[in-house]
Amino acid sequence: MSILSGKNVLLGISGGIAAYKTATLVRSFIKAGANVQVVMTPASKDFVTPLTLSTLSKNPVHSTFTNDQDDNAMWNNHVELGLWADYFVIAPATANTLSKMANGTCDNLLLATYLSAKCKVYFAPAMDLDMYIHPSSVLSFETLKNYGNIMIPATSGELASGLVGQGRMAEPDDIVSFIEKDIISGLPLKNKTVLITAGPTYEAIDPVRFIGNHSSGKMGFEIAKAAANLGAEVILITGPTHQTVKHSLITVIPVVSAQEMYDAAHLHFNNSDIAILSAAVADYRPKNVATQKIKKKTATLTLELEKTKDILASLGAIKTKQFLVGFALETNNELEHAKLKLKKKNLDLIVLNSLNDKGAGFKSDTNKVTLINKDEEATVYQLKSKTEVAKDLFNTIINTIHA
Ligand code: CTP
47 MSILSGKNVL LGISGGIAAY KTATLVRSFI KAGANVQVVM TPASKDFVTP LTLSTLSKNP
107 VHSTFTNDQD DNAMWNNHVE LGLWADYFVI APATANTLSK MANGTCDNLL LATYLSAKCK
167 VYFAPAMDLD MYIHPSSVLS FETLKNYGNI MIPATSGELA SGLVGQGRMA EPDDIVSFIE
227 KDIISGLPLK NKTVLITAGP TYEAIDPVRF IGNHSSGKMG FEIAKAAANL GAEVILITGP
287 THQTVKHSLI TVIPVVSAQE MYDAAHLHFN NSDIAILSAA VADYRPKNVA TQKIKKKTAT
347 LTLELEKTKD ILASLGAIKT KQFLVGFALE TNNELEHAKL KLKKKNLDLI VLNSLNDKGA
407 GFKSDTNKVT LINKDEEATV YQLKSKTEVA KDLFNTIINT IHA
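At position 115 of the sequence shown the residue is numbered 161 (this note's numbering), and the sequence of numbers has no breaks.
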């Protein structure tokens, strides 16, 4: 998953030879998880066919104001297209299209969409080397940058004319990673590392049995996705769960036992800015782990358990710059118990779940939380999806860090 996952990317194609690369560009955006629509200038259709692009983007391609092959001609709504887009990427952007964009000319659907788009606009110029450095092209680049549009500079190499120089459209994968980096650079958790623990831990009894719990890991995985979507580098240390995540900013570290989770958390804590410990760590583990499978020879079996290390408390004891968040799952005197944990474990924030609230806690897709800050101020939230709870959590963390 990339930061573009789930985002709407409108690709505007103008008429230059580099248009042949847009088939790959559409695929790269799709691979990044984006929804893609394409708007073409009439001239670009000489270089790449709408059929290729509609097949790859899985969406109809737009190029005219009306669909005139149809008796019931439909108005292609450029305003709607502009509003649909989270990002408008004009690639290749020819000298002609760039000049028209810079001057507000509106004689095709791509230009009308550009003028009505409210989203971030990227343009990747493609032209011959002398055109690229011509004062009028440079003026177009500068004007568009002053409008807040972002230029993805052309690269140097062999050009369609046979000349060698700057003017080649950036390669499709480079365009996608340029945009990903640019988006991340504007996000509130850019350059921050967030450490997250999630899921249960399994404590071995013998080679085939363990003590575990019903934690699904959903809350921790949602927190990891929310952090990555805010631009953070995420270290997600997870016990055994069915959850999966693929995101360019998330590194998953699978562990099994509380001790393994402890070791992994301590390894990464020093480099973290924020640590959120949502795992349901076993509090006790068998004191002696049988090396062979235990046979059912006796009527009863007693296991001696010993305490595991409290990961959260141990991090609270050594924290320096880190913003440390813990979870508390309580059944009675919830606020009081959660506040005690906040103090005892030296936390900056604690997320309280009450087992008395329907739809809160383990396994479900929803959660109902109360966030308690260092000053013991409690904010009660409604029952929400875990995705929304994760967003609320980061709103609070970001507001507290920037306060
Ligand atoms: N936690 C941890 N390591 C442990 C036990 C708990 O990091 N060995 C973390 C959990 O991830 C959670 C918080 O501590 O963020 C709260 O855990 P909880 O078990 O509710 O609290 P305890 O302090 O263990 O108290 P009690 O079980 O008695 O309520």
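Heads up, the beta-carbon is just placed ideally off N, CA and C, and yes, glycines get one too.
As the structure is a prediction and not an experimental result, all values here were calculated from the model.
With the rule of 3 Cβ pairs closer than 8 Å, the region 397-413 counts as touching the region 373-380. Our two residues, Val-167 and Leu-235, have alpha carbons roughly 22 Å apart in a direct line. If you compare the alpha carbons of Ser-162, Ala-216, Lys-264 and Asn-122 with that of Ser-410, the shortest gap goes to Lys-264.
Secondary structure note for Val-291: it is in no beta strand (DSSP E), with a DSSP letter that is neither H nor E.
Note that the region 76-87 does not touch the region 302-314; fewer than 3 beta-carbon pairs, one per stretch, sit closer than 8 Å. Taking the Cβ of Ile-364 as the reference point, every heavy atom of ligand 1 lies at 7 Å or farther away. In summary, Tyr-178 is buried, with 16 or more beta-carbon neighbours lying within 10 Å of its beta-carbon over all protein chains present.
A direct Cα-Cα distance of roughly 43 Å separates Ala-65 from Ile-283. Relative to ligand 1, Leu-439 has its C-beta separated by 7 Å or more from all heavy atoms. DSSP places His-108 within a strand segment (E or B) once states are collapsed to three. The criterion of a C-beta distance shorter than 8 Å is satisfied by Lys-164 and Gly-128. Pairing Lys-437 with Leu-233, the inter-Cα distance amounts to about 14 Å. Within the DSSP secondary-structure output, Glu-204 pairs in a beta bridge with Val-210. A straight-line Cα-Cα distance of about 51 Å links Leu-295 and Thr-344. Just so you know, the alpha carbons of Lys-341 and Ala-310 end up roughly 33 Å apart. Taking a 10 Å sphere around the C-beta of Pro-300, we find fewer than 16 other C-beta atoms and assign the residue as exposed.
With a cut-off of 7 Å, the C-beta of Leu-358 is classified as near ligand 1, since at least one heavy atom of the ligand falls inside that distance. Sequence-distant partners of Lys-391 (beyond 5 residues in either direction) whose C-beta falls short of 7 Å from its own C-beta, in its chain, are Leu-358, Ala-359, Gly-362 and Gly-372. Out of Val-280, Ala-244, Thr-112 and Ala-250, the CA that lies nearest to the CA of Ser-261 is found in Ala-244. The alpha-carbon separation between Lys-339 and Pro-286 amounts to approximately 21 Å. Distances taken from the Cβ of Ala-436 to the heavy atoms of ligand 1 include none shorter than 7 Å.
Between Leu-349 and Pro-332, the gap from beta carbon to beta carbon is short of 8 Å. Contact between Glu-268 and Lys-432 holds: their C-beta atoms lie close to 4 Å from each other, under 8 Å. Using a cutoff of 7 Å, the CB of Phe-267 does not count as near ligand 1, since none of the ligand's heavy atoms is closer than that. The C-beta distance from Ser-324 to Ile-230 rounds to 24 Å, too long to fall under 8 Å, and the pair is not in contact.
Between the beta-carbon of Gly-211 and that of Pro-138 there is about 16 Å, and that puts the pair past the 8 Å contact cut. Put simply, the backbone Cα of Gly-150 is about 12 Å away from that of Asn-142. For ligand 1, a non-hydrogen atom lies closer than 7 Å to the CB of Ser-324.
Distance between Ala-200 and Phe-169, taken at the CA atoms: about 10 Å.
DSSP places Gln-83 within a strand segment (E or B) once states are collapsed to three.
Under DSSP, the beta-bridge partners assigned to Val-135 are Leu-57 and Tyr-168. Counting only runs of 4+ residues, the alpha helix (DSSP H) found wholly inside the region 215-264 occupies 218-231, in chain order. Partner residues in the beta bridge of Ser-431, as assigned by DSSP, are Thr-412. Following the DSSP letters along the chain, one finds Val-371 in no alpha helix (DSSP H) but inside the beta strand (DSSP E) bounded by residues 369-376. The beta carbon of Glu-279 sits closer than 6 Å to those of Thr-239 and Leu-295, all from its chain and outside the five residues before and after it, given in chain order. Listed in chain order, the non-local C-beta contacts of Gly-405 below 7 Å within the same chain comprise Thr-412, Lys-414 and Leu-429, local neighbours out to five positions each way being set aside.
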